[in-house]
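Protein chains: 2
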Amino acid sequence: MTDQPFRAGFLLFPKLTQLDMTGPYEVLARLPGAQVHLIWKTREPVPSDHGMAIVPTATFDACPALDLICVPGGPGVGPLMSDGAVLAFLRRAAEEARYVTSVCTGSLALGAAGLLRGRKAACHWMSRPLLSSFGAEPTDERVVWDGTLVTGGGVTAGIDFALQIAAEVAGADTARAIQLGIEYDPAPPFDAGSPERAGPALVEAITRRAATRQRERADQVAEAAAALRAAE
Amino acid sequence: MTDQPFRAGFLLFPKLTQLDMTGPYEVLARLPGAQVHLIWKTREPVPSDHGMAIVPTATFDACPALDLICVPGGPGVGPLMSDGAVLAFLRRAAEEARYVTSVCTGSLALGAAGLLRGRKAACHWMSRPLLSSFGAEPTDERVVWDGTLVTGGGVTAGIDFALQIAAEVAGADTARAIQLGIEYDPAPPFDAGSPERAGPALVEAITRRAATRQRERADQVAEAAAALRAAE
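Residue numbers (my numbering), protein chains in the order written: chain S, 137 to 368; chain Z, 137 to 368.
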């Protein structure tokens, strides 16, 4: 690791799922000399899907070049996919960054920015098939590395890949020290953390409850994919 | 579960470790009909130990009665232990709540409020022995239940116990649906999440780096414990 600070940037947007962001934030902010930026259009507090308001630290225009850009997911990802300012920022950040990353449905925004063509990518299991519309290869692993494109599945996957990136950037001992610091020795009380483990009944119940949102998301993806093709 | 909303409150304070709070927040906010409050002295944004600023939703005076109070930990827990307004709020909230909970070093604040006398409690491994000063029985489990007092070890333990509480409050199926929703199927890339697993060399290195802070914390605990005894 050089003496340069490691600059990690997270896209902050209305109705994000905050744990998608706060999980890897906690890991990467602990890298020696890390600078972490929370980036949105304005510096006004941004509410998560359940109302937690977090204050951006930089706007698109004022954000320095980043070593890592991370796009979290959440219900708010829909509007991002057709937001020219967001997509332009993601393209610029991706060009400059060593690591381009996403958690959960954040990969749909990377896809809409044209950053996933021909690349393997992960997504929250319920939205994973939608990645194909952007020319990506949907992959049902918790964390998918394609070069230095690192995409995670749902929500908590971001903690896992952030530790891997910490090890690449600052060495395995530093990553292990961070893991010990946050006592990341998970002991879930249930075994329902993936569709395979949760079983078909629970998957079906959740999918049914989310049907309206997923239909709307599919429309948004189709529209964003058409716009992307038209621009090429 | 009744039709009453489940009201969960998190103490938000300067220099908290945000993942202590954001982990269980993500789980509990997904309970059907949940109301989540982020509570501090003012409604101004509160910076975490790494600078993430989160906006409180309620002040001590304006906070409704809670079903659950959760105290996260972090470097900022030191000043809490001698802060009369904080301790009075915690005592009141604990009297009204069904669940009194903490993550990481948050249990030290519960201890300073006199809420741990004769109770088993967890804490971040490095500060765990300090719990004795408050009459608690330090316990080296990741999550410790003593009646409806639920204390977690370091940082990520809060996700685990929040799922257990979700199951008590709304049934195991709801808890499992939340776990699947956040794809909490952890796959840490290293096996260093507890002092036992990380091994003595890493534990020693981290402990040495934290020595100054831990000495300061021990002094703060001694002072808070003396004040607690004097008040009794």
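Don't be surprised by glycine CBs; every beta carbon is placed ideally from N, CA and C.
When the options are compared against residue i, the one with the closest alpha-carbon
i: S:L251; options: S:A258, S:L266, S:V286 and S:R227; result: S:R227
i: Z:G290; options: Z:H260, Z:I190 and Z:E340; result: Z:H260
i: S:I318; options: S:E304, S:A334 and S:A298; result: S:A298
i: Z:A198; options: Z:G210, Z:V213 and Z:T178; result: Z:T178
i: Z:L174; options: Z:V191, Z:A303, Z:P336 and Z:P160; result: Z:V191
i: Z:V339; options: S:R365, S:L316 and S:G271; result: S:L316
i: S:R278; options: S:L246, S:F270, S:A258 and S:T284; result: S:A258
i: S:E180; options: Z:D185, Z:E304 and Z:A189; result: Z:A189
i: S:S243; options: S:L266, S:G307 and S:Y320; result: S:L266
i: S:L285; options: S:R344, S:A346, S:V207 and S:A308; result: S:V207
i: S:E231; options: S:P200, S:G214, S:C240 and S:Q300; result: S:P200
i: Z:T237; options: Z:S269, Z:Y161 and Z:A337; result: Z:Y161
i: Z:L223; options: Z:T241, Z:R349, Z:A337 and Z:A245; result: Z:A245
i: S:D156; options: S:S263, S:P324 and S:G294; result: S:G294
i: S:G187; options: S:D219, S:S218, S:T310 and S:L152; result: S:L152
i: Z:R234; options: Z:G288, Z:D219, Z:I301 and Z:S218; result: Z:I301
i: Z:V321; options: S:A311, S:A328 and S:D321; result: For the sequence presented, residue 321 of chain Z should be read as Asp rather than Val. Nearest of S:A311, S:A328 and S:D321 to Z:D321, Cα basis: S:A328.
i: S:A358; options: S:S263, S:R333 and S:T287; result: S:S263
i: S:G159; options: Z:T348, Z:I342 and Z:T292; result: Z:T292
Residues near residue i by beta carbon distance below 7 Å, same chain, minus five either side
i: S:A170; result: P141, F142, A144 and L164
i: Z:A229; result: G145, L202 and I205
i: S:F149; result: W176, V182, G212 and L216
i: Z:F196; result: I175, K177, A221 and F225
i: Z:A361; result: S269 and F270
i: S:G214; result: E352, R353 and Q356
Coarse secondary structure for residue i, derived from DSSP in three states
i: S:T195; result: strand
i: S:G169; result: coil
i: Z:R143; result: strand
i: S:E352; result: helix
i: Z:T153; result: coil
i: S:Y274; result: Note that residue 274 of chain S is Pro in the sequence shown here, rather than Tyr. Residue state, collapsed to three classes: strand.
i: Z:G210; result: coil
i: S:A110; result: With chain S covering 137 to 368 only, the question about residue 110 of chain S has no answer from this structure.
i: S:S268; result: helix
i: Z:G288; result: strand
i: Z:M137; result: The predicted position of Z:M137 is uncertain, since its pLDDT is 46 and thus under 50; no value can be drawn from it.
i: S:T237; result: strand
i: Z:S218; result: coil
i: Z:D282; result: strand
i: S:L148; result: coil
i: Z:L204; result: strand
i: S:P183; result: strand
i: S:A361; result: helix
i: S:L223; result: helix
i: S:L299; result: helix
i: S:A229; result: helix
i: S:A257; result: strand
i: Z:A189; result: strand
i: S:L246; result: helix
i: S:L164; result: helix
Sequence-distant residues of its chain with Cβ nearer than 6 Å to residue i (five each side left out)
i: Z:K256; result: E273, T275, V280 and D282
i: S:G194; result: According to the sequence as given, residue 194 of chain S is Ala; it is not Gly. So the list reads H173 and I175, once near-sequence residues are dropped.
i: S:D296; result: V279
i: S:L364; result: G250
i: S:R253; result: G271
- Of all the residues that make up the stretch 165 to 177 of chain S, which are near chain Z by a beta-carbon distance shorter than 9 Å? Here the close residues are A165, R166, A170, V172 and L174.
- Where the stretch 260 to 285 of chain Z meets chain S: residues whose CB sits under 8 Å from a CB there: The stretch 260 to 285 of chain Z vs chain S, Cβ under 8 Å: H260, W261, R278 and V279.
- Proximal residues, the stretch 319 to 330 of chain S versus chain Z, C-beta separation under 7 Å: Listed by position along the chain: E319, Y320, D321, P322, A323, P324, P325, F326, A328, G329 and S330.
- Could I get the ranges of all uninterrupted alpha helix (DSSP H) runs contained in the stretch 313 to 350 of chain Z, with 4 residues as the minimum, in chain order? Assignment of alpha helix (DSSP H) within the stretch 313 to 350 of chain Z, counting only whole runs of 4 or more residues, yields 331 to 334 and 336 to 345 in chain order.
- Could you name the residues of the stretch 177 to 192 of chain Z whose beta carbon sits closer than 8 Å to any beta carbon of chain S, in the order they occur along the chain? So the list reads P181, H186, G187, M188, A189, I190 and V191, given in the order they occur along the chain.
- Task: Name, going along the chain, the residues of the stretch 153 to 164 of chain Z whose beta-carbon falls closer than 8 Å to a beta-carbon of chain S.
- Result: Of all residues in the stretch 153 to 164 of chain Z, T153, Q154, L155, T158, G159, Y161 and E162 have a Cβ within less than 8 Å of some Cβ in chain S.
- Given a limit of 8 Å on CB to CB distance, which residues of the stretch 202 to 217 of chain Z reach chain S? Taking 8 Å as the Cβ-Cβ cut-off, the stretch 202 to 217 of chain Z has no residue approaching chain S.
- Quick one, which residues of the stretch 303 to 316 of chain Z are near chain S if we go by CB-CB under 8 Å, in chain order? Taking 8 Å as the Cβ-Cβ cut-off against chain S, the residues of the stretch 303 to 316 of chain Z that qualify are A303, A308, D309, A311, R312, A313, Q315 and L316.
- Query: At a Cβ cut of 8 Å, what residues of the stretch 224 to 238 of chain S count as close to chain Z, listed as they run along the chain?
  - Reply: So the list is empty, because no residue satisfies the distance condition.
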